[in-house]
Amino acid sequence: GENVEQHPSTLSVQEGDSAVIKCTYSDSASNYFPWYKQELGKGPQLIIDIRSNVGEKKDQRIAVTLNKTAKHFSLHITETQPEDSAVYFCATSEYGNKLVFGAGTILRVKS
Amino acid sequence: SAVISQKPSRDICQRGTSLTIQCQVDSQVTMMFWYRQQPGQSLTLIATANQGSEATYESGFVIDKFPISRPNLTFSTLTVSNMSPEDSSIYLCSVEDRGGTDTQYFGPGTRLTVL
Numbered sequence: 035g036e037n038v039e040q041h042p043s044t045l046s047v048q049e050g051d052s053a054v055i056k057c058t059y060s061d062s063a064s065n066y067f068p069w070y071k072q073e074l075g076k077g078p079q080l081i082i083d084i085r086s087n088v089g090e091k092k093d094q095r096i097a098v099t100l101n102k103t104a105k106h107f108s109l110h111i112t113e114t115q116p117e118d119s120a121v122y123f124c125a126t127s128e129y130g131n132k133l134v135f136g137a138g139t140i141l142r143v144k145s
Numbered sequence: 002s003a004v005i006s007q008k009p010s011r012d013i014c015q016r017g018t019s020l021t022i023q024c025q026v027d028s029q030v031t032m033m034f035w036y037r038q039q040p041g042q043s044l045t046l047i048a049t050a051n052q053g054s055e056a057t058y059e060s061g062f063v064i065d066k067f068p069i070s071r072p073n074l075t076f077s078t079l080t081v082s083n084m085s086p087e088d089s090s091i092y093l094c095s096v097e098d099r100g101g102t103d104t105q106y107f108g109p110g111t112r113l114t115v116l
């Protein structure tokens with residue numbers, strides 16, 4: 035089955051700096067790659083996603099890049115703010131199949 | 002995106018008892034999912050629940066332990082049966098986007114503690 039590895043497990047950045055979280059996956063048939071943000075005591079919130087026919091997608095301060103050849107995708111957060119502090123999960127799926135999640139990254143933005 | 006609510010938001014239960022968690026969506030959806038998130042861990046899919054058919058369980062999860070109902074297109078329940086402290090987790094429901102894509106939206110979760 036699909037295996038998703040996520041790095042780093044924890045990430046501390048200074049407010050205003052950029053943060054990058056990377057995931058690698060094993061199943062070349064995977065074609066959907068969402069990122070979720072989970073704040074303490076809340077459910078995961080979809081923040082951005084990308085499909086296999088696109089190499090990069092941006093939404094304000096958040097961007098996701100996908101390298102299908104190397105089977106990895108990354109979340110980029112620019113100009114980080116304290117409210118970006120949360121746990122971030124990557125996931126993959128093959129169309130119509132279940133989501134498989136990475137282990138998560140705890141992001142701390144220090145002000 | 003769909004608005005999803007779960008009840009209860011949290012509970013503390015005694016071992017050997019059962020708890021039923023409700024998931025309500027503000028629109029009709031075909032596919033609903035139940036996940037478990039153990040303390041400090043990632044999300045693990047328990048089962049997929051489609052209206053009008055039996056739930057499909059993932060490896061390691063069985064219907065006797067986690068019976069699921071899906072009586073209509075906006076509601077589902079997950080029961081955690083004969084609980085033990087190892088069942089202490091956050092239980093999350095999610096729904097698939099109405100457009101039939103892979104996109105899933107999650108409810109707020111039910112935080113369960115078993116003593």
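Protein sequences, first through last, are from chains Y and C. Residues 35 to 145 in my numbering are what the first sequence lists, from first letter to last. Residues 2 to 116 in my numbering are what the second sequence lists, from first letter to last. We put the beta carbon where it would ideally sit given N, CA and C, even for glycine.
When only Cα atoms are considered, glutamate 113 of chain Y and leucine 141 of chain Y end up about 14 Å apart. With a cut-off of 8 Å on Cβ pairs, the region 52-71 of chain C is not in contact with the region 117-125 of chain Y, counting fewer than three such pairs.
In summary, no residue of the region 100-114 of chain Y has a CB separated from any CB of chain C by less than 8 Å. Taking 7 Å as the cut-off, the Cβ atoms of valine 115 of chain C and cysteine 14 of chain C count as close. By the neighbour-count criterion, in which a residue is buried when 16 or more other Cβ atoms sit within 10 angstroms of its Cβ, threonine 126 of chain Y is buried. Secondary structure of aspartate 118 of chain Y (DSSP, three-state): helix.
If you ignore the 5 residues before and after alanine 97 of chain Y, its C-beta comes within less than 6 Å of the C-beta of His110, all in its own chain and listed in chain order.
Nearest C-alpha to serine 62 of chain Y among Y:Ser145, Y:Gly138, Y:Thr103, Y:Gly77: Y:Thr103. Around the beta carbon of arginine 37 of chain C, a 10 Å sphere encloses 16 or more other beta carbons of the protein chains shown; the residue is thus reported as buried.
For phenylalanine 107 of chain C, the nearest CB of chain Y lies under 7 Å from its own CB, placing it at the interface with that chain. By the neighbour-count criterion, in which a residue is buried when 16 or more other Cβ atoms sit within 10 angstroms of its Cβ, proline 68 of chain Y is buried. In this structure lysine 105 of chain Y touches serine 60 of chain Y by the C-beta definition: roughly 7 Å separates them, less than 8 Å.
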